[in-house]
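Asks: My structure is below; once you've seen it, I'll send some questions.
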Amino acid sequence: MKIRSFRVLLILYAVLILLVSSIPGNSIPRFVLFSWDKLLHLIEYSILSFLSVNSFDKKSKKQIIIISVFCLCFATMDELWQSFIPGRFSSALDVIADGIGIVIGSIFAVRLNSDK
Numbered sequence: 017m018k019i020r021s022f023r024v025l026l027i028l029y030a031v032l033i034l035l036v037s038s039i040p041g042n043s044i045p046r047f048v049l050f051s052w053d054k055l056l057h058l059i060e061y062s063i064l065s066f067l068s069v070n071s072f073d074k075k076s077k078k079q080i081i082i083i084s085v086f087c088l089c090f091a092t093m094d095e096l097w098q099s100f101i102p103g104r105f106s107s108a109l110d111v112i113a114d115g116i117g118i119v120i121g122s123i124f125a126v127r128l129n130s131d132k
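Numbering (the working numbering) for the sequence shown: 17 to 132.
Here is the structure:
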């Protein structure tokens with residue numbers, strides 16, 4: 017897939033994340049360390065980082081770190097945004113799950129491109 021396609025998908029996916037985060041909902045108990053909610057966060061941000069890494073030609077270690085930090089900042093801002101939505105809450109555990117997903121997505125993108 018071309019870089020331009022990844023960039024378009026990245027923008028659309030980031031908008032989708034923000035739209036879904038803006039939907040009011042009932043509070044989900046957050047006292048469980050691992051739940052399906054955390055798995056969904058991990059998958060959601062694996063996809064975001066995969067698209068982000070593949071949106072650039074160069075995939076140096078430094079660039080991957082910068083992309084990952086940007087994705088983590090996006091995840092943190094998304095969690096903060098949710099705290100303003102009725103029935104939604106922000107959670108540090110969600111950001112941790114997002115961060116793990118970011119690492120997994122970045123590694124997957126690098127490995128997939130190293131086979132080429």
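Every residue, glycine too, gets a C-beta built ideally from N, C-alpha and C.
By alpha-carbon positions, which one of N129, G41, K18 ends up nearest to S76?
Replies: N129
Asks: So what's I123 in DSSP terms, helix, strand or just coil?
Replies: helix
Asks: Only counting the same chain, and skipping five residues up and downstream in sequence, which positions put a Cβ closer than 6 Å to that of I120?
Replies: S62
Asks: Alpha carbons only, please: which of L32, L28, G117 is nearest the one belonging to C87?
Replies: G117
Asks: Taking C-alpha atoms, which residue in F100, F66, V31 lies nearest to R127?
Replies: F66
Asks: According to DSSP, is N70 part of a helix, a strand, or is it coil?
Replies: Residue state for N70 is assigned as coil, using DSSP reduced to three classes.
Asks: In three-state terms, what does DSSP make of I59?
Replies: helix
Asks: Can you name, in chain order, every residue of its own chain whose Cβ lies under 6 Å from the Cβ of K78, other than the five neighbours on each side?
Replies: Beyond the five residues adjoining it in sequence on each side, K78 comes within less than 6 Å, by CB distance, of no other residue in the same chain.
Asks: Go ahead and pull the three-state DSSP assignment for I44.
Replies: With a pLDDT of 46 at I44, under the threshold of 50, the modelled position of that residue is not reliable, and the figure given next carries that caveat. Here I44 sits in coil by DSSP.
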